Amino acid sequence: MKSFHQLYHCAIVLIGLVSCGNYEEFKEDPSALFQGSLTPNGVTFKEVKEQIFDARCAKCHGQDYSNYQNVIENLDGITATIRSDFMPQDGPLSNELKQMLFTWAAAGAPEGEVIVEPIVVEPTFDSLRQTIFASKCIRCHTKGGPAPFFLDERQNLMVYATVFNPFMLDFEFPEEGDFIKRLNSDDPVEQMPPARSGLELLSDEEKEIITEWIRRGLP
Ligand code: HEC
Ligand code: HEC
């Protein structure tokens, strides 16, 4: 694996758009560092409507979710019923379709094409929440979700790590804490995100940024 310093340096460099040792790799697509896990990559309302709302909801909900405005007004309810598999009432969506919907919602539910900006992930809670946690963790680690603490609320994470699992975050040696151990685990049940979610595991680069965030004391 590439050394931590090099990787982290490159992440910072992406922000500044100055060159670094590995710049060649990112030249054509600056988001390559985090490809496949963070962007809606062109998913618009049209795809979500055709593949999810028309195909799986309209037979019972008629025109309820056929226009953008109605969907936006009900988005929280829609994602909540799908996350819990309460909807569609005749059987849950496939993991692929769930991922499509959640990623689209996490990206701000764009109606049309979005110009995908190079993605910059910084070792801060806000940046991680909007990128890695939004696409890979928050569907479970949120209020009402199955996981024991939230990743969309910093305070909740701190309280959990202090009161319920003091071994979760090791600020001096982050790799020794359960948080990073879970990201590195090979066990399909232990690993986060768990294998059953159908979500891809985090890349080494994503793990390095989270490790640095813990080392800095969760800014
Ligand atoms: C087989 C019929 C059926 C399908 C398919 C279906 N629903 Fe439903 N849905 C219902 C029924 C019936 C209710 C009312 C259930 C209740 O209140 O217990 C409901 C309720 C809901 C609610 C709560 C609405 C409210 O007023 O609180 C949401 C949100 C919802 N459905 C979203 C969806 C979405 C999104 C899809 C497609 C991904 C979908 N449903 C597919 C039958 C269906
Ligand atoms: C499919 C739902 C789901 C997803 C997605 C998910 N988790 Fe979890 N996570 C859980 C559940 C449920 C638990 C509690 C059971 C357990 O410990 O395995 C848990 C436990 C954990 C724990 C252990 C807490 C402790 O006390 O030791 C950590 C750390 C964690 N998750 C981090 C993450 C991170 C980071 C992500 C995203 C990269 C993520 N999870 C994605 C469901 C999920």
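In this text, residue positions in the sequence shown follow this note's numbering: the first is 61, and each later residue adds one. Every residue gets a Cβ at the ideal spot worked out from N, C-alpha and C, and that includes glycine. Remember, it's a predicted structure, so these values are computed and weren't measured experimentally.
| query | Considering only the beta carbon of each residue, do Leu229 and Leu243 sit closer than 7 Å? | reply | Here residue 229 is taken as the residue at index 169 of the sequence shown, counted from 1. Here residue 243 is taken as the residue at index 183 of the sequence shown, counted from 1. Not a contact, by the Cβ cut-off of 7 Å.
| task | Could you tell me the boundaries of the alpha helix (DSSP H) in which Leu262 lies? | result | Position 202 of the sequence shown, counting from 1, holds the residue named residue 262. Where Leu262 is concerned, there is no enclosing alpha helix (DSSP H), given that its DSSP letter is neither H nor E.
| said: Please return the same chain residues whose Cβ sits closer than 6 Å to the Cβ of Leu211, not counting the five positions on each side in sequence. | reply: Stepping through the sequence shown from its first residue, residue 211 is reached at position 151. Hits under 6 Å: Phe193, Cys197, Ile198 and His201.
| query | Measuring CA to CA, which of Asp114, Ile112 and Ala167 is closest to Ser187? | reply | Start at 1 with the first residue of the sequence shown, and residue 187 comes out as number 127. The candidate whose alpha carbon is nearest that of Ser187 is Ala167.
| query | Got a sec: is the Cβ-Cβ distance from Thr139 to anything in chain B below 7 Å? | reply | Protein chains in the displayed structure number just one, and chain B is not present.
| Where does Thr139 land, buried or exposed, given buried means 16+ other C-beta within 10 angstroms? | Translated into positions along the sequence shown, residue 139 becomes position 79. Looking at its Cβ environment, which holds 16 or more other Cβ atoms inside 10 Å, Thr139 is buried.
| Should Gln149 be counted as a contact of ligand 4 given a C-beta to heavy atom distance under 6 Å? | Ligand 4 is not part of the structure shown, which contains ligand 1 and ligand 2 as its ligands.
| message | Quick check on Tyr125: does DSSP put it in helix, strand or coil? | response | Here residue 125 corresponds to residue number 65 of the sequence shown, with the count starting at 1. DSSP places Tyr125 in coil when its eight states are reduced to three.
| task | With DSSP collapsed to three states, give me the class of Asp89. | result | Taking the first residue of the sequence shown as 1, we reach residue 89 at position 29. Because the pLDDT at Asp89 is just 34, under 50, the model does not fix this residue reliably, and the value given afterwards should be weighed accordingly. Residue state, collapsed to three classes: coil.
| From Asp114 to Trp164, what distance separates their C-alpha atoms? | Along the sequence shown, read from residue 1 onward, the residue named residue 114 stands at position 54. Along the sequence shown, read from residue 1 onward, the residue named residue 164 stands at position 104. So the alpha carbons of these two residues sit roughly 16 Å apart.
| Out of Glu171, Asn155 and Asp150, which has the shortest C-alpha to C-alpha gap to Arg143? | Here residue 143 is taken as the residue at index 83 of the sequence shown, counted from 1. Measuring from the Cα of Arg143, the nearest candidate turns out to be Asn155.
| request: Measure the Cβ-Cβ separation of Ile274 and Pro248 and say whether it is below 7 Å. | output: The residue given as residue 274 occupies position 214 in the sequence shown. The residue given as residue 248 occupies position 188 in the sequence shown. Cβ distance not < 7 Å, so Ile274 and Pro248 don't count as in contact.
| Length at least 4, wholly inside the region 183-266: the alpha helix (DSSP H) runs in chain order | 185-188, 214-219 and 238-244
| query | Buried or exposed: where does Glu236 fall if 16 or more other Cβ atoms within 10 Å of its Cβ makes it buried? | reply | Within the sequence shown, numbered from 1, the residue matching residue 236 stands at position 176. By the 10 Å Cβ count, Glu236 comes out exposed.
| message | In this structure, how does DSSP classify Met160 when only helix, strand and coil are distinguished? | response | The residue you call residue 160 lines up with position 100 of the sequence shown. Three-state DSSP puts Met160 in a helix.
| Minimum C-alpha distance to Glu173 - residue among Thr271, Arg256 and Val108 | In the sequence shown, residue 173 corresponds to position 113, counting from 1. Here the closest residue by C-alpha is Val108.
| query | How would you label Ile132, buried or exposed, when you count the other beta carbons within 10 angstroms and need 16 or more for buried? | reply | The count along the sequence shown starts at 1 and reaches residue 132 at position 72. Ile132 should be labelled exposed.
| request: Would you check whether ligand 1 has a heavy atom nearer than 6 Å to the C-beta of Arg288? | output: The structure shown does not extend to residue 288, since the chain spans only 61 to 279, so no value can be given for it.
| query | Does the beta-carbon of Phe146 have 16 or more other beta-carbons within 10 angstroms, so that it is buried, or is it exposed? | reply | For the purposes of this step, residue 146 is identified with residue 86 of the sequence shown, where counting begins at 1. It counts as exposed.
| Roughly how many angstroms separate the alpha carbons of Ala207 and Gly137, rounded to a whole number? | Position 147 of the sequence shown holds residue 207. Position 77 of the sequence shown holds residue 137. Taking the straight line joining both Cα atoms gives about 19 Å.
| C-alpha distance - Phe162 paired with Val103, whole-angstrom precision | Translated into the one-based positions of the sequence shown, residue 162 becomes position 102. Translated into the one-based positions of the sequence shown, residue 103 becomes position 43. Each residue's Cα considered, the two are about 11 Å apart.
| field | DSSP state of Gln149 mapped onto helix, strand, coil | value | Working through the sequence shown from its first residue, we reach residue 149 at position 89. Coil.
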